[in-house]
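Add 9 to the 1-based position in the sequence shown for the numbering used here, that's all there is to it.
Yeah, the Cβ is synthetic: ideal placement off N, Cα and C, and Gly gets one too.
Step one of this worksheet: look at the structure below.
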Amino acid sequence: MASSLPAAPASATRHFADDLRQRSDTALAALLRARPDLAAPSPSTLRSLAARASSRTSLERALARADALTLQVLEAVLALEPVFRAPPGPDTPGLSTPGPGTPGLSTLGPSALGTEVVTRALGGAADDREAVEAAVHLAVEHALLWDAGQGTGPASSPDLRTSPGLDELLGPNPAGLGPHIDPVPDGLAEAVARALGPTPGPPGTGAALDALLAEAPGGARAILDALAWGPPVGVVPAAGTRPRDAVNWLVTAHLLVRSDARHVVLPRLVGLALRDGHTHRAPHTRAPEPQGRSLPAATADAEAASAALELVRRVRVLRRSWDENPPSVLRAGGLGVRDLRRLAAQLETDEPTAAFVVEVAALAGLVRDDGEAPPSYVPTVTDWDDLDDAVRWARLVEAWLTSRRAPWLVGSRDDKGALRAPLSPDLQRPWVPRLRDSVLGVLAEGLDGETVLAPTAGAVVEVLTWHTPRSVPPASAVEGLLAEMEWLGVTGAGALSAPGRELLPAAASHPADVAGALRAVLPHEVDEILLQGDLTGIVPGRPSRQLARLLERAADVESRGAATTVRFSPASVTRALDQGETADGLLDELAHRSPVPVPQPLEYLVRDTARRHGAVRVGSASAYLRAADPTVLAGLEHDPSLAGLGLVRLAPTVLAASVPAAALHEALRSRGLVSALEGPDGRVLVARRGVTGRAMPAPRSAAAIRMGSGSDVATRTPDPESLVAELRAVEAAARAGARARAEAADVAHSVAVPGGGVPLRGYRVVPSMPAGTGTAQEVTSGAAGQAPPASPASTNGSRTAAPGSGAPAADHEPGPAEDDPGTQHPADGLALLRDALRDGSTVIVEVAGHTGRLERRELKPLNLDGGRLRALDPDREAELTIAVHRIASVLPTSSTP
Numbered sequence: 010m011a012s013s014l015p016a017a018p019a020s021a022t023r024h025f026a027d028d029l030r031q032r033s034d035t036a037l038a039a040l041l042r043a044r045p046d047l048a049a050p051s052p053s054t055l056r057s058l059a060a061r062a063s064s065r066t067s068l069e070r071a072l073a074r075a076d077a078l079t080l081q082v083l084e085a086v087l088a089l090e091p092v093f094r095a096p097p098g099p100d101t102p103g104l105s106t107p108g109p110g111t112p113g114l115s116t117l118g119p120s121a122l123g124t125e126v127v128t129r130a131l132g133g134a135a136d137d138r139e140a141v142e143a144a145v146h147l148a149v150e151h152a153l154l155w156d157a158g159q160g161t162g163p164a165s166s167p168d169l170r171t172s173p174g175l176d177e178l179l180g181p182n183p184a185g186l187g188p189h190i191d192p193v194p195d196g197l198a199e200a201v202a203r204a205l206g207p208t209p210g211p212p213g214t215g216a217a218l219d220a221l222l223a224e225a226p227g228g229a230r231a232i233l234d235a236l237a238w239g240p241p242v243g244v245v246p247a248a249g250t251r252p253r254d255a256v257n258w259l260v261t262a263h264l265l266v267r268s269d270a271r272h273v274v275l276p277r278l279v280g281l282a283l284r285d286g287h288t289h290r291a292p293h294t295r296a297p298e299p300q301g302r303s304l305p306a307a308t309a310d311a312e313a314a315s316a317a318l319e320l321v322r323r324v325r326v327l328r329r330s331w332d333e334n335p336p337s338v339l340r341a342g343g344l345g346v347r348d349l350r351r352l353a354a355q356l357e358t359d360e361p362t363a364a365f366v367v368e369v370a371a372l373a374g375l376v377r378d379d380g381e382a383p384p385s386y387v388p389t390v391t392d393w394d395d396l397d398d399a400v401r402w403a404r405l406v407e408a409w410l411t412s413r414r415a416p417w418l419v420g421s422r423d424d425k426g427a428l429r430a431p432l433s434p435d436l437q438r439p440w441v442p443r444l445r446d447s448v449l450g451v452l453a454e455g456l457d458g459e460t461v462l463a464p465t466a467g468a469v470v471e472v473l474t475w476h477t478p479r480s481v482p483p484a485s486a487v488e489g490l491l492a493e494m495e496w497l498g499v500t501g502a503g504a505l506s507a508p509g510r511e512l513l514p515a516a517a518s519h520p521a522d523v524a525g526a527l528r529a530v531l532p533h534e535v536d537e538i539l540l541q542g543d544l545t546g547i548v549p550g551r552p553s554r555q556l557a558r559l560l561e562r563a564a565d566v567e568s569r570g571a572a573t574t575v576r577f578s579p580a581s582v583t584r585a586l587d588q589g590e591t592a593d594g595l596l597d598e599l600a601h602r603s604p605v606p607v608p609q610p611l612e613y614l615v616r617d618t619a620r621r622h623g624a625v626r627v628g629s630a631s632a633y634l635r636a637a638d639p640t641v642l643a644g645l646e647h648d649p650s651l652a653g654l655g656l657v658r659l660a661p662t663v664l665a666a667s668v669p670a671a672a673l674h675e676a677l678r679s680r681g682l683v684s685a686l687e688g689p690d691g692r693v694l695v696a697r698r699g700v701t702g703r704a705m706p707a708p709r710s711a712a713a714i715r716m717g718s719g720s721d722v723a724t725r726t727p728d729p730e731s732l733v734a735e736l737r738a739v740e741a742a743a744r745a746g747a748r749a750r751a752e753a754a755d756v757a758h759s760v761a762v763p764g765g766g767v768p769l770r771g772y773r774v775v776p777s778m779p780a781g782t783g784t785a786q787e788v789t790s791g792a793a794g795q796a797p798p799a800s801p802a803s804t805n806g807s808r809t810a811a812p813g814s815g816a817p818a819a820d821h822e823p824g825p826a827e828d829d830p831g832t833q834h835p836a837d838g839l840a841l842l843r844d845a846l847r848d849g850s851t852v853i854v855e856v857a858g859h860t861g862r863l864e865r866r867e868l869k870p871l872n873l874d875g876g877r878l879r880a881l882d883p884d885r886e887a888e889l890t891i892a893v894h895r896i897a898s899v900l901p902t903s904s905t906p
């Protein structure tokens, strides 16, 4: 049965690499920005860029960022591409060319696979065309689609094709449609063409199917309908049953095709006819609306302000706690479980919240590993204490916004079963910033004037699934990010707050704007405390910075809320005295900030605690010096030459020193005092000569972790415009070199020794052959008298003088092999192989044999994966597999009309 596909063109003159090469510099720069992996490392040529853009790794990254509509467009183009592309010639097994008068699909429908065809194939209405056009434009800009048409004008209709290698990622059955197989049942191609045409008209695909199934046995249409929307593969029923008879009839009518003894497959055109020409049921042009509860914006802002103040307070408590008792660093890096539990009790919260406070403080550079052996976490010296609450919060939230850390994983176990700890290096995730921006974008969609939407985690995941169907984020990550936003104050009661809106990518706000946004929603500060007779005090609002410092030193918080209740105790007053306060100074400051006089019980408490404070003094000494005779030690503490020892007299016969015992011993010996070292028991230590071992420092832990983008190792990303200019310059240089080599080859052909001499060494000679006698082989000139063999690379029929023939060389256009630029870049060869694999054409492959000699063979690539090329040798009618590293060069074969 004749195929209803159009006849094959004379030659394919445009490939994916040609499309990239013919793009403008602005379009190439936009491609490098949209797919930054193409620019790192920098490609050497535009063909290398095309090979990288069509590689599996790069395509997977690009598809991971594509939304549902873009994927539908890619599937539709991939499904319709073989239908609109011309079939192979009559020599290809299993396919036949159209007979005389047989209409092809492109003659009844559109002449090219353009945006209009894609819109109709997706089942979209007129209102969806703009969204589909935008998706097509985006896919072309990202080099997921390219224009295979020859039109160059702005009004020319594009002929869309998918990027090479995309069919391997989208699967063999795009959109659930089976393979495109000949022969096609009569009338089916015309019906599909009318369905995809600009003005669909009767009879439709349903009428064509009814005509084909007029004599079908019962159940045949039900079998086709079951396979219509995929998967297109079905199991053959048992023999002797009615379904088996129906399947056999459908196979005979070419409505089904046997793939093996147990399975049948629905051809692509039949599937399109069953779907009325549609590849999808409906286009997913818009993301689903997030579901959740609505609440006033003022409520969200108030809750966010409260959370922001609480976070700032907890970070302040964390720094004070670690300044007094620095926790040790685990050997594998991170904070231990006991230290985390102790900190959670001090922060008056649970362990996940405490872990997040530790992480965000480290991201902002407020705590870090001290680098000692053994290491500990200590607060850093910053201007943190001199800033107001809004600026402090801005520093914390901006450090969190660019971080690659995943604090919600704290407490879970890794692949080895180890518990993940806060500040552990195992919490780095490179995709966290992108997911964070996506979640913020979903929250921003719920803004509606005076009300805001608080979506659930499931609703956010549903929206993100539409944006990145091939890279759906885990629900636990989304829930963790929403919890972090609640702790930070980016959201309030689950809805995006006014300070959180300043963090949106579209806002691009300065840090001062972020602080100002929080300052606008914070309650006013108060600078007074109501002192009461029961040793308590009430702050009616948000305390000012000075009042907060006073209460932090001299009182303990009992409750927080709209008002803060504090209690004075001997321990809290002692803490203030330890920090340099005096009884009179503390009472004067409390009296200045209280609208009522200081209660007598509080005054008695402060003065009594101050009277007992410092009755016993504690100091430290590194070594001591004692003698039986007080005259031996007389005047040593006043000796200027011993001032560096820090000598202090404790008793007439005892001096204390601030230096180690060994240093003190050497200093006294140098002064002339014959001292001796003694142990804790008073016995004199005996000095032994010999080699003493050196204590090695403890191994550095992994606690010097990379926190966020600020401390990440900066990788140089080339500027897209500069990189495009470099690629253009390389291409221009390559063309100039090719022209120079072609001119040199012409000179080599003309300078030949008469009488069968030898051409210049190093140049290639193409012997002349009568037209129609086959192809000519080009060889590198060898010894004198050797006849050059025939070459498979020159098929243009050009005549060139044979060496020694005496005939003049004809005007000659160098073929692909003669325009050899020398050593071929591997990416160029891979790009040619992918183009040939996609078009089903042959290429000239130069392979290093087992002996190291290069062998040229004309091959038809069948598969390129895993570093191996599987190809068909048409001359030997055999398949062979070649390791890619053995391929020296790949050259395209010339087309014959």
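- request: With a threshold of 16 other CB atoms inside 10 Å of the CB of E864, please say whether the residue is buried or exposed.
  value: exposed
message: Given a cut-off of 8 Å on the beta-carbon distance, is the pair A130 and L197 in contact?
response: no
Coarse secondary structure for V242, derived from DSSP in three states: strand
- prompt: If we ignore side chains and look at the alpha-carbon of each, how far apart do G653 and R558 end up?
  reply: 38 Å
- prompt: Which value, in whole angstroms, describes the spacing of the CA atoms of S814 and L178?
  reply: With a pLDDT of 39 at S814, under the threshold of 50, the predicted position of this residue should be treated as unreliable, and no value is reported.
- prompt: Is W393 helix, strand or coil by DSSP?
  reply: helix
Residue interval of the beta strand (DSSP E) (run including A61): Going by the sequence as given, residue 61 is Arg instead of Ala. Not the beta strand (DSSP E): R61 falls in the alpha helix (DSSP H), residues 55 to 62.
- prompt: Going by Cα to Cα distance, which pick from G228, N334, D195 is closest to A216?
  reply: D195
query: Where are the alpha helix (DSSP H) runs, 4 residues long or more, that stay fully inside the segment 289 to 349, in chain order?
result: 306 to 333
query: Grouping DSSP H, G and I as helix and E and B as strand, with all else coil, what is E888?
result: strand
- prompt: By how many angstroms is the C-alpha of V625 removed from the C-alpha of V641?
  reply: 30 Å
message: If contacts are defined as beta-carbon pairs under 8 Å, then A637 and T662 qualify, I think. What distance do you get, rounded to the angstrom?
response: 7 Å
- prompt: Starting from A660 and walking both ways along the alpha helix (DSSP H), at which residues does that stretch end?
  reply: A660 -> not in any alpha helix (DSSP H); beta strand (DSSP E) instead, spanning 657 to 660.
- request: Could you tell me whether the segment 415 to 433 touches the segment 360 to 380, using the rule of 3 or more Cβ pairs below 8 Å?
  value: yes
message: Taking DSSP's pairing of strands, which residues face A665 in a bridge?
response: Y633, V657
Where E495 sits in the DSSP three-state scheme: helix
- prompt: DSSP on P91, reduced to helix/strand/coil?
  reply: helix
task: Report the rounded CA-to-CA distance for Q609 versus A373, giving the unit in angstroms.
output: 44 Å
- prompt: So A502 packs on T308, CB below 8 Å; how close in whole Å?
  reply: 6 Å
task: Please list, in chain order, all residues of the same chain as A643 whose beta carbon is under 7 Å from its beta carbon, the five residues on each side excluded.
output: none
query: Mind checking H533: buried by the 16 CB within 10 Å criterion, or exposed?
result: exposed
message: When you compare the segment 439 to 448 with the segment 388 to 397, are there three or more beta-carbon pairs, one atom per stretch, that lie closer than 8 Å?
response: no
- prompt: How about A580 and G550: are their beta carbons less than 8 Å apart?
  reply: no
field: Pairwise C-alpha distance: V451 and L595
entry: 51 Å
message: What does the alpha-carbon distance come out to for the pair V279 and H24?
response: 29 Å
task: Decide if V693 is buried, meaning its Cβ has at least 16 other Cβ atoms within 10 Å, or exposed.
output: exposed
query: Is DSSP giving H476 helix, strand or coil here?
result: helix
Beta carbon of G180 nearer than 8 Å to that of P276: no
message: Tell me which residue opens and which closes the beta strand (DSSP E) that T460 is part of.
response: 460 to 464
- request: Quick one: measure Cβ to Cβ for T591 and A563, integer angstroms, because I've assumed they're closer than 8 Å.
  value: 12 Å between Cβ atoms; not a contact.
Span of the beta strand (DSSP E) around V274: 272 to 274
- request: Express the C-alpha separation of P246 and R895 in angstroms, rounding to a whole number.
  value: 48 Å
- prompt: In terms of residues, what are the limits of the alpha helix (DSSP H) holding S898?
  reply: First-last for S898: 896 to 901, but that is the beta strand (DSSP E), not the alpha helix (DSSP H).
- prompt: Below 8 Å between beta carbons: does that hold for L339 and G345?
  reply: yes
task: Quick one: measure Cβ to Cβ for A255 and G227, integer angstroms, because I've assumed they're closer than 8 Å.
output: 7 Å
field: CB-CB length for G123 against P167, believed under 8 Å
entry: 5 Å
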